[in-house]
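Novice: Below you'll find the structure I mean.
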């Protein structure tokens, strides 16, 4: 495109100012014209923000037959691998504390995954636009598998946490890659159906992860919970290698390596990672390992504040080339969807985490039994999500279902805080089913919102923002909850059993309590554990109440009338 054409289309108000330049350039070869770097950057920004979205699929030949179905099978395997990985940690926590003889790291077993995954979300998204989709997708699976291998063979708790962090890095690329690969398999008219199929597949896998984890632990040991990802991921790699043939070539694939690296915006990632690490370290250590007034904690918060401001400034300066484009981030519905989604995901993570501790640590159930006792919650989530999806298609609006979740889920999670050592098991199961249904009603609404309020070219960025915020805030919630749980545990046990050495509890696995504490003080210690779990479950109550902010802030848009 010549300079005059670009100037006319992208900067019409500058036409008079630059008329002499266009006249002088008319005698030259347009193909050889160069636009100054600063002006070209401005043109790119305005073109990106003002040009209408074009979705011309007439020249795209989508894969069929063997190639199509091999790739679909790979995506389903990836859904299983990705979906089962994080929730299964909840089932493995008691066994992990037994093996590593410590409960002080339980917050990091999931937080490390979410922390690194959040930090590299947009790095992977940029990679998918610069290098061939097939190879970026495969690279994300390989990174995830390396992390699974490290976690499976980890001899120490820090090594296990490292493995979870590596898996979080790969999992972030897998999560976004599912959607991106899908757009290369089906035309736009068929994508919603397949997105729905994959989402239900993933939600079902995530919901059944505690049950799967319990069975693996009882049959083998906790290492099987992470080793199972190795054959699944390997098969997914083989299928996508032989099956996936992208019908679209990324325009940036031919760029020089230096320009590709610039587009990746690695500086933003390098600034963001230490920022979030400092935040989570402060939340993990504050009030437990160190006082909130400790110089270490204050310094961590200061570093976080400085680096996050530097990150925000770079996003502002980079605009469309930023890791997090401000134009999309400022969309009201995207912010509302991200907040609502983070509250729901955080609630589910915390509930699974501490109900598992309640079942195995307080009630003394085996891992497998603890897993299948989560089935009512699984059924509640699945049926409510499926019903809400059909209802949204009929009425066209997803906001009423978000509001329903914001009203019902605080009631459901509030009732869970009443659990104690003597609570009847049918009551526990009924409350878990109610909680799953209350959250499931609005769980898929954020994804519907993104697809409705954004143009097709911006949907991956919107999905990335929702995933990023959910992973980041879930990591913060779990890290914070671990500090709250341990503080309340030691306080409750010290109150009920003053002679009990709390250091013993700190170095005792949850399922070893009965053997270590002894029969004389066991009941009082278990009551203390139950009270600590109950008080920690007030965090999900707060999150579900705060989800109302997202519900009320969402624009009322119909999925039947896409205007973006």
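In full-length UniProt numbering, the protein residues as written are 1 to 564. In this text, a Cβ means the ideal position worked out from N, Cα and C, and glycines have one as well.
Just to confirm before moving on: does the CB-CB distance between residue 565 and residue 62 stay below 8 Å?
Specialist: Because the chain in this structure spans residues 1 to 564, residue 565 falls outside the shown range and cannot be described.
Novice: For the alpha helix (DSSP H) that contains residue 428, what are its first and last residues?
Specialist: 425-440
Novice: Helix or strand or just coil, what does DSSP make of residue 354?
Specialist: helix
Novice: Does DSSP classify residue 305 as helix, strand or coil?
Specialist: helix
Novice: Quick check: the region 426-434 against the region 297-314, are at least 3 beta-carbon pairs closer than 8 Å?
Specialist: no
Novice: Between residue 39 and the rest of its own chain, which residues show a CB-CB distance below 7 Å, the 5 nearest in sequence each way excluded?
Specialist: With a pLDDT of 41 at residue 39, under the threshold of 50, the predicted position of this residue should be treated as unreliable, though the coordinate-derived value follows. The answer is none, since no qualifying residue turns up.
Novice: In terms of DSSP beta bridges, what is residue 290 paired with?
Specialist: 286
Novice: Comparing alpha-carbon positions, which option in 78, 301, 114, 325 lies nearest residue 140?
Specialist: Nearest C-alpha to residue 140: 78.
Novice: At which residues does the alpha helix (DSSP H) containing residue 377 begin and terminate?
Specialist: Counting along the chain, the alpha helix (DSSP H) containing residue 377 begins and ends at 375-395.
Novice: What separation, rounded to the nearest whole angstrom, lies between the Cα atoms of residue 550 and residue 467?
Specialist: Answer to the nearest angstrom: the Cα atoms are 15 Å apart.
Novice: Would you kindly check if the distance between the Cβ of residue 95 and the Cβ of residue 276 is under 8 Å?
Specialist: no
Novice: Report yes if the C-beta distance between residue 104 and residue 244 is below 8 Å; otherwise report no.
Specialist: The answer is no: Cβ separation not under 8 Å.
Novice: Taking the continuous alpha helix (DSSP H) assigned at residue 322, which residues delimit it?
Specialist: Taken as a continuous stretch (DSSP letters only), residue 322 belongs to no alpha helix (DSSP H), as it is neither H nor E.
Novice: Assuming residue 354 contacts residue 536 under a Cβ cut-off of 8 Å, what Cβ separation, rounded to an integer in Å, is found between them?
Specialist: 5 Å
Novice: Throw me the rounded Cβ distance for the residue 584 and residue 211 pair, which I believe falls under 8 Å.
Specialist: In this structure the chain extends from 1 to 564, so residue 584 is not present and cannot be described.
Novice: On the CB-based measure, 16 or more other CB atoms within 10 Å of its CB, does residue 202 come out buried or exposed?
Specialist: buried
Novice: In chain order, what residues of the same chain have a beta carbon less than 6 Å from the beta carbon of residue 539, not counting five sequence neighbours either side?
Specialist: 350, 481
Novice: Which residues in the same chain have their Cβ closer than 6 Å to the Cβ of residue 322, if we skip the five residues on either side of it in sequence?
Specialist: 315
Novice: Please list the terminal residues of the continuous alpha helix (DSSP H) segment that includes residue 85.
Specialist: 65-100
Novice: How would you label residue 241, buried or exposed, when you count the other beta carbons within 10 angstroms and need 16 or more for buried?
Specialist: Residue environment: residue 241 is assigned as exposed (fewer than 16 neighbouring CB atoms within 10 Å of its CB, all protein chains considered).
Novice: Does residue 342 come out as helix, strand or coil in the three-state DSSP assignment?
Specialist: helix
Novice: State the DSSP-derived secondary structure class of residue 447, mapped to helix, strand or coil.
Specialist: helix
Novice: Please classify residue 555: does DSSP put it in a helix, a strand, or coil?
Specialist: coil
Novice: Taking just the CA atoms, how far does residue 483 sit from residue 489?
Specialist: 10 Å
Novice: Please report the distance separating the alpha-carbon of residue 55 from that of residue 338.
Specialist: Note that residue 55 scores 41 on pLDDT, short of 50, meaning its location in the model is unreliable; the coordinates nonetheless yield the value given after this. So the alpha carbons of these two residues sit roughly 26 Å apart.
Novice: What separation, rounded to the nearest whole angstrom, lies between the Cα atoms of residue 485 and residue 274?
Specialist: 26 Å
Novice: Does the beta-carbon distance from residue 479 to residue 280 come in below 8 Å?
Specialist: Inclusion of residue 479 and residue 280 in the CB contact set at 8 Å is warranted, their separation being smaller than that value.
Novice: Between residue 464 and residue 129, is the Cβ-Cβ spacing less than 8 Å?
Specialist: no
Novice: Measure the CB-CB distance between residue 268 and residue 420 and report whether it falls below 8 Å.
Specialist: Between residue 268 and residue 420, the gap from beta carbon to beta carbon reaches 8 Å or more.
Novice: Assuming contact is defined by CB atoms lying nearer than 8 Å, are residue 379 and residue 341 in contact in what I supplied?
Specialist: no
Novice: Are the Cβ atoms of residue 114 and residue 472 separated by less than 8 Å?
Specialist: yes
Novice: Taking just the CA atoms, how far does residue 324 sit from residue 26?
Specialist: Caution is warranted here: a pLDDT of 39 is assigned to residue 26, below 50, making its placement in the model unreliable, and no coordinate value can be reported.
Novice: What's the gap between the Cα of residue 75 and the Cα of residue 67?
Specialist: 13 Å
Novice: Mind checking residue 586: buried by the 16 CB within 10 Å criterion, or exposed?
Specialist: Any property of residue 586 remains undetermined from this structure, which presents the chain solely from 1 to 564.
Novice: I'd like the list of long-range same chain contacts for residue 271, defined as Cβ closer than 8 Å, with 5 residues on each side in sequence excluded.
Specialist: 307, 310, 311, 314
Novice: Quick check on DSSP: helix, strand or coil for residue 537?
Specialist: coil
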